[in-house]
Each structure stands twice: as C-alpha cells, then as structure tokens.
Amino acid sequence: MAADGLHENETLASLKSEAESLKGKLEEERAKLHDVELHQVAERVEALGQFVMKTRRTLKGHGNKVLCMDWCKDKRRLVSSSQDGKVIVWDSFTTNKEHAVTMPCTWVMACAYAPSGCAIACGGLDNKCSVYPLTFDKNENMAAKKKSVAMHTNYLSACSFTNSDMQILTASGDGTCALWDVESGQLLQSFHGHGADVLCLDLAPSETGNTFVSGGCDKKAMVWDMRSGQCVQAFETHESDINSVRYYPSGDAFASGSDDATCRLYDLRADREVAIYSKESIIFGASSVDFSLSGRLLFAGYNDYTINVWDVLKGSRVSILFGHENRVSTLRVSPDGTAFCSGSWDHTLRVKHFRVTNEAEIWVE
Amino acid sequence: MAQELSEKELLKMEVQQLKKEVKNPRALISKTGKEIKDYVEAEAGNDPLLKGIPEDKNPFKEKGGCIIS
Numbered sequence: 001m002a003a004d005g006l007h008e009n010e011t012l013a014s015l016k017s018e019a020e021s022l023k024g025k026l027e028e029e030r031a032k033l034h035d036v037e038l039h040q041v042a043e044r045v046e047a048l049g050q051f052v053m054k055t056r057r058t059l060k061g062h063g064n065k066v067l068c069m070d071w072c073k074d075k076r077r078l079v080s081s082s083q084d085g086k087v088i089v090w091d092s093f094t095t096n097k098e099h100a101v102t103m104p105c106t107w108v109m110a111c112a113y114a115p116s117g118c119a120i121a122c123g124g125l126d127n128k129c130s131v132y133p134l135t136f137d138k139n140e141n142m143a144a145k146k147k148s149v150a151m152h153t154n155y156l157s158a159c160s161f162t163n164s165d166m167q168i169l170t171a172s173g174d175g176t177c178a179l180w181d182v183e184s185g186q187l188l189q190s191f192h193g194h195g196a197d198v199l200c201l202d203l204a205p206s207e208t209g210n211t212f213v214s215g216g217c218d219k220k221a222m223v224w225d226m227r228s229g230q231c232v233q234a235f236e237t238h239e240s241d242i243n244s245v246r247y248y249p250s251g252d253a254f255a256s257g258s259d260d261a262t263c264r265l266y267d268l269r270a271d272r273e274v275a276i277y278s279k280e281s282i283i284f285g286a287s288s289v290d291f292s293l294s295g296r297l298l299f300a301g302y303n304d305y306t307i308n309v310w311d312v313l314k315g316s317r318v319s320i321l322f323g324h325e326n327r328v329s330t331l332r333v334s335p336d337g338t339a340f341c342s343g344s345w346d347h348t349l350r351v352k353h354f355r356v357t358n359e360a361e362i363w364v365e
Numbered sequence: 001m002a003q004e005l006s007e008k009e010l011l012k013m014e015v016q017q018l019k020k021e022v023k024n025p026r027a028l029i030s031k032t033g034k035e036i037k038d039y040v041e042a043e044a045g046n047d048p049l050l051k052g053i054p055e056d057k058n059p060f061k062e063k064g065g066c067i068i069s
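Chain order of the listed sequences is A and B. Residue numbering for the first sequence follows full-length UniProt numbering, starting at 1 and increasing by one per position. Residue numbering for the second sequence follows full-length UniProt numbering, starting at 1 and increasing by one per position.
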C-alpha cells in the first residue's frame with residue numbers, strides 16, 4: 001500500500017515537472033518569434049487625432065443591471081439582457097422596445113441575436129441557453145415558443161449562434177464550452193480544458209475557418225477547433241479573470257479584457273501576446289472589448305464606469321468616454337461599424353457614434 | 001468537467017496538450033505585425049468610427065428639425 005502511494009506521488013511529481021519544462025519550452029519557442037514590438041512595426045502609421053464620441057441614443061427600460069447585449073445583422077435592432085430576468089429587443093433608431101420576455105431566472109448573463117434576425121438566445125443562472133423565435137403576431141406569447149437548447153451544470157456566461165440559426169456555441173461557469181444543435185437540443189461537441197469558469201467566447205470571422213476563442217477565470221485564453229473539440233493554442237499572460245475576448249476583424253488575432261485592468265492583443269500566427277493596453281491610472285477591470293471595422297480602434301468598457309478607446313497599433317489610449325453611471329458590462333460595435341452600443345449596471349444601454357469636430361471639444365455627458 | 005477528473009488525469013491532459021502546442025507553426029512578429037498593420041491601412045477608409053460619416057448618412061443623426069426646401 002505504502003509502495004503504491006509512493007509510486008502515485010512520483011508519477012504526479014514527474015508529470016508536474018514535465019508540464020513545467022514543456023511550458024518553458026513553449027515560452028522559448030514563442031520568444032524566438034518576438035523580433036519586434038507591434039508598435040514598432042506601426043511606427044510610421046499616422047497617429048490618430050483627438051476625436052469625440054457622442055451618445056446618440058439612450059435605451060431605458062431595464063429594471064436592473066444590463067449584463068449583455070448583441071446587435072442584429074440588420075445593424076439597427078439589438079437584444080439586451082438584465083439581472084432582473086428580462087430580455088428586450090430594441091429598435092436602436094427609434095428606441096422602441098419591439099419584444100420583451102421575462103426569464104424564469106435572474107442574472108441573464110448571456111444573450112445573442114440569430115443571424116436571420118428571427119430569433120434570440122439567452123440564459124444565465126438557469127444553467128441553460130434557450131432560443132425564442134421572434135414574432136410580430138400580437139396574439140402570440142413569446143415565452144410559449146421557448147426552446148431549451150443547452151444544458152450546463154453551472155451558469156451560462158456567454159452564447160453565440162454560429163453562421164446560421166441552426167447551431168449555438170455556449171460558455172459556462174462549469175468550465176466548459178459546448179456546441180449545440182438548436183432544433184434537437186443535441187450536444188454536438190464539447191470543449192474541455194479551462195481550469196475554472198469560462199466567462200466569454202467569440203467565433204472567428206467566417207472566412208478564417210472553424211475556430212473560436214474563449215476566456216476564463218483561470219486567466220487563460222484558449223483557441224479551439226470546433227470540429228475536433230481540441231484546443232489549438234492557449235495564452236496565459238493575464239493576471240486575473242478574462243471577462244471578454246474578441247477576434248480582430250481579419251481573424252489573425254484577438255483581443256481580451258481582464259480584471260487585471262488590462263486589455264491585450266494576441267497574434268495567432270506569431271502565437272504570442274503582442275500588445276498590452278494599460279495605464280497606471282486604470283485600475284479597474286475591463287469587462288468587454290470590441291474592435292472598430294478596420295481593427296485600428298479597440299473599445300473597452302470598464303468597471304470604473306468608463307469606456308477607453310485604444311489605438312490598437314500604437315498601444316496608446318486615444319479617447320476616454322464618460323456617461324454611464326455604473327460599471328460598463330457589455331459593449332459591441334454595430335455590424336456595419338457605424339456605431340457602438342454599451343450596456344451598464346446603471347440599467348441603460350447607450351449607442352455612440354463618432355462626431356467630427358474641428359475644435360478640441362470635451363464632451364461631458 | 002474539470003472538477004470530475006483526478007489531478008493525475010488533469011496533468012496528463014495538460015502534458016499532452018503542451019506537447020502539441022510546442023509544435024505549432026509560428027511566424028515572426030515583424031511579418032505578422034506588418035500584416036495586421038497592412039489590414040488596418042487597407043480598411044481604414046471604410047471604418048466609420050475612425051473617419052466619421054457625413055451627418056446626412058448617419059442613421060443615428062438627431063431626430064427632428066425642419067427641412068426647408
């Protein structure tokens with residue numbers, strides 16, 4: 001018995017040391033490609049001038065913290081979900097609420113618009129992801145058509161339809177991600193590897209193949225092959241939970257936002273972190289990140305109620321946006337890149353747009 | 001789920017995964033960084049949040065006001 005115990009410990013110890021030495025080797029290999037910094041490559045790129053963003057629409061109606069939002073492909077509608085259990089579909093041009101449903105749970109942490117615009121998905125503390133078809137028939141009760149698709153063993157933190165309305169990708173507090181068939185509710189693939197809650201995910205732009213990236217409380221960002229369920233690359237440079245991940249528009253990189261108050265850019269082909277977006281004065285966690293259409297700007301919402309706009313190439317902050325009266329919890333650029341929407345614990349969503357200005361105006365909202 | 005596996009099994013998985021990742025193909029940042037920069041420069045002209053769009057094309061422009069023709 002004692003001999004078995006000893007053998008067990010040796011195997012554990014030898015595995016641990018093998019893992020450590022492999023991690024060292026991986027760092028070595030990655031360091032070989034680190035011949036320049038991204039901002040050096042971008043030295044000759046014209047610096048961005050001062051610019052301001054104006055809040056064009058404020059969406060009011062949630063009774064509690066807004067936790068998540070997603071744009072419809074029509075660039076006009078958006079869906080948002082809240083701690084109060086409500087999921088609302090808005091027309092952002094008119095600010096009208098087009099649909100609303102009350103979930104059987106509070107803390108609806110995830111919501112997503114279907115590519116067709118005909119359905120939405122959401123979930124949270126119910127550990128599920130449910131799909132609601134959107135109907136304009138006044139006689140139909142939206143909740144009656146609800147379809148439970150995903151079942152996790154802990155809270156749902158993020159969800160996203162794939163290229164069609166037929167499949168949904170989910171991330172959960174149970175440490176896994178999963179791919180589901182919407183019609184049958186069948187689990188198509190599961191993704192194991194995170195050592196703690198998975199908080200976010202983002203699908204690669206369709207042209208770049210079947211991968212997605214996830215971020216978690218284990219401080220890791222992991223890139224997955226959707227078909228095989230295998231992790232392709234993993235990055236562990238953040239010092240705290242990763243709250244948000246978003247692919248760069250070309251698909252060759254992704255950004256992350258973390259409770260360590262930094263955002264980072266990871267280059268998938270160089271297989272390493274290539275930029276950190278941080279300032280000594282920024283000490284609160286970044287909750288959500290998204291790129292502008294060209295990838296030049298990174299918008300990041302923070303727990304100190306602000307949104308910082310970063311020059312992705314140069315690594316500097318180009319603007320700081322005020323307006324929310326509590327944490328910014330979610331942020332997405334619209335599909336055509338004309339505006340971005342931020343949601344907050346102050347119960348509102350705000351749609352902002354760039355306003356050309358000649359003078360150096362400071363907008364305090 | 002991660003919680004259901006023993007420490008040994010988790011470590012074995014980690015070692016397997018790391019062995020795979022060490023072998024991943026990689027390129028120099030001077031090359032990949034340049035490609036990111038090139039992408040931005042190519043797309044910058046189309047980026048409304050970077051360049052702004054004329055007020056009359058702005059779907060979120062201020063409501064109301066009169067148009068005198």
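We put the beta carbon where it would ideally sit given N, CA and C, even for glycine.
According to DSSP, residues forming a beta bridge with residue i
i, result
"B:Gln17", "B:Gln17 pairs with nothing; no bridge assigned."
"A:Phe235", "A:Ala221"
"A:His353", "A:Lys54"
"A:Cys263", "A:Gly257 and A:Tyr277"
"A:Ser172", "A:Leu156"
"A:Phe322", "Bridge partners of A:Phe322: none, in fact."
"A:Ala110", "A:Gly123"
"A:Trp310", "A:Leu298 and A:Arg317"
"A:His99", "A:Val89"
"A:Asp181", "A:Gln167"
7 angstroms Cβ cutoff, residue i in contact with chain B
i, result
"A:Val41", "yes"
"A:Lys279", "no"
"A:Ala31", "no"
"A:Glu183", "no"
"A:His34", "yes"
"A:Ser228", "no"
"A:Arg296", "yes"
"A:Glu237", "Here residue 237 of chain A turns out to be Thr, not Glu, going by the sequence shown. Chain B contact via Cβ: absent."
"A:Glu18", "yes"
"A:Arg264", "no"
"A:Val274", "yes"
"A:Thr338", "yes"
"A:Lys25", "yes"
"A:Leu187", "no"
"residue 377 of chain A", "This structure gives no information on residue 377 of chain A, because the portion of chain A shown stretches from 1 to 365."
"A:His221", "At residue 221 of chain A the sequence reads Ala, which differs from the His that was named. By this cut-off, A:Ala221 is not an interface position."
"A:Ser292", "yes"
"A:Leu134", "no"
"A:Ala270", "yes"
"A:Ser250", "yes"
Beta carbon proximity, residue i to chain A, threshold 7 angstroms
i, result
"B:Ser30", "yes"
"B:Glu21", "yes"
"B:Glu43", "yes"
"B:Glu14", "yes"
"B:Asp38", "no"
Cutoff 8 angstroms; reference residue i; Cβ partners in own chain excluding five residues on either side
i, result
"A:Pro249", "Pro205, Phe291, Leu293, Ser294 and Gly295"
"A:Cys118", "Pro133, Leu134 and Asp165"
"A:Val213", "Leu201, Asp202, Ala204, Ala221, Met222, Val223, Trp224, Val245, Tyr247 and Phe254"
"A:Lys145", "Tyr132, Pro133 and Thr135"
"B:Ala44", "Leu50 and Lys51"
"A:Val45", "Leu313 and Lys314"
6 angstroms CB neighbourhood of residue i in its chain, flanking five on each side removed
i, result
"A:His194", "Gly175, Gly216 and Asp218"
"A:Asp74", "Gly117"
"A:His238", "Lys219, Ser258 and Asp260"
"A:Ala275", "Leu38, Leu265 and Gly315"
"A:Asn308", "Ala300, Arg317 and Ile320"
"A:Arg30", "Asp271 and Arg272"
"A:Lys60", "Thr348"
"A:Met103", "Gly85"
"A:Leu48", "Asp311 and Val318"
Expected contact under 8 angstroms - CB spacing of residue i and residue j to nearest Å
i, j, result
"A:Asp70", "A:Leu78", "7 angstroms"
"A:His152", "A:Ser130", "With a Cβ gap of about 12 angstroms, A:His152 and A:Ser130 do not count as contacting."
"A:Trp107", "A:Ala150", "In fact, because the Cβ distance is near 16 angstroms, the residues do not count as touching under 8 angstroms."
Near the ligand NAP: residue i beta-carbon under 6 angstroms from a heavy atom
i, result
"A:His34", "As far as ligands go, the structure on display features none, and thus does not contain the ligand NAP."
Residues of its chain near residue i, where Cβ-Cβ distance is below 7 angstroms and the 5 sequence neighbours each way are ignored
i, result
"A:Arg332", "Met69, Asp70, Trp71, Asp290, Phe340 and Cys341"
"B:Gly65", "Because the pLDDT at B:Gly65 is just 49, under 50, the model does not fix this residue reliably, and the value given afterwards should be weighed accordingly. Once the five neighbours on either side are set aside, B:Gly65 has no close Cβ partner at all."
"residue 371 of chain A", "Lying before the first or after the last residue shown, residue 371 of chain A is absent from chain A, which here runs from 1 to 365."
"A:Gly185", "Ser148 and Val149"
Inset, instruction - Please determine if the segment 53-66 of chain A and the segment 325-335 of chain A are in contact, where contact requires at least 3 C-beta pairs separated by less than 8 angstroms. - result: Yes, they touch.
Legend entry - the segment 18-25 of chain B contacting the segment 119-132 of chain A, beta-carbon criterion three pairs below 8 angstroms: As far as the Cβ criterion goes, the segment 18-25 of chain B does not touch the segment 119-132 of chain A, which means the pair count is below three.
Inset, instruction - Kindly confirm or deny that the segment 265-274 of chain A and the segment 38-47 of chain B touch, where touching means at least three C-beta pairs closer than 8 angstroms. - result: Too few Cβ pairs lie closer than 8 angstroms, so no.
Inset, instruction - Count the C-beta pairs between the segment 278-292 of chain A and the segment 260-269 of chain A that are closer than 8 angstroms, then say yes if the count reaches three, no if not. - result: Touching, yes.
Legend entry - Given 8 angstroms, three or more beta-carbon pairs between the segment 297-314 of chain A and the segment 28-47 of chain A: For the pair of segments examined, the segment 297-314 of chain A was found to touch the segment 28-47 of chain A: the number of CB pairs separated by less than 8 angstroms reaches three.
Legend entry - Contact residues within the UniProt repeat "WD" (321-351) of chain A, judged by C-beta distance below 8 angstroms to chain C: Among the protein chains in the structure shown, which are A and B, there is no chain C.
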